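If you use numbering that gives the first Met the number 0, the sequence shown corresponds to residues 0 to 96, in order. Every residue, glycine too, gets a C-beta built ideally from N, C-alpha and C. Predicted model, so just to flag it, every value in this text is computed and none were measured.
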Amino acid sequence: MSADELAQMQNTNRVVQGGGGQTFISTNGIADFKGAAPKDSVYVEFDVPANSLLQGGKDGWFKMIGPDAGKSQQFLLNKQGGEYLPAIKGIEVLDKK
């Protein structure tokens, strides 16, 4: 994530909405960060409720959505009892690119 996104998350203790209403995360650890993140990104780890995660496109990838996400994504989130832009706990910066 960018330093600005990190600052917003630290100030609000909530996930920041990404483009198209989606914020993508990986549970595979730092290796995904090294390969996918643009220069000047920070690698952080944090906890969110599992029911607020929707399956992403690859193994270990998930997305959290906001109110700007598509209706089908909103339906899936509501079906599993998750919340938009969930609260985060234990945010920790572990690396920078």
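Practice prompt. In the DSSP assignment, find the unbroken alpha helix (DSSP H) run with THR11 in it and report its ends.
Written response: Per DSSP, THR11 belongs to the alpha helix (DSSP H) from 2-11.
Worksheet item: Which class does ALA40 belong to by DSSP, given the choice of helix, strand or coil?
Response: Contrary to the premise, residue 40 reads as Ser rather than Ala in this sequence. In the structure shown, SER40 sits in coil (DSSP, three-state: anything other than H, G, I, E or B).
Worksheet entry | Three or more C-beta pairs below 8 Å linking the stretch 79-87 and the stretch 26-41 | Counting Cβ pairs under 8 Å, fewer than three are found: no touch.
Worksheet entry | For ALA86, the residue or residues it bridges with in DSSP | Paired residues: ARG13.
Worksheet entry | Candidates ASP58, GLY19, SER40 and ASN10: closest to ASP94 by CA position | Nearest to ASP94 by alpha-carbon distance, out of ASP58, GLY19, SER40 and ASN10, is SER40.
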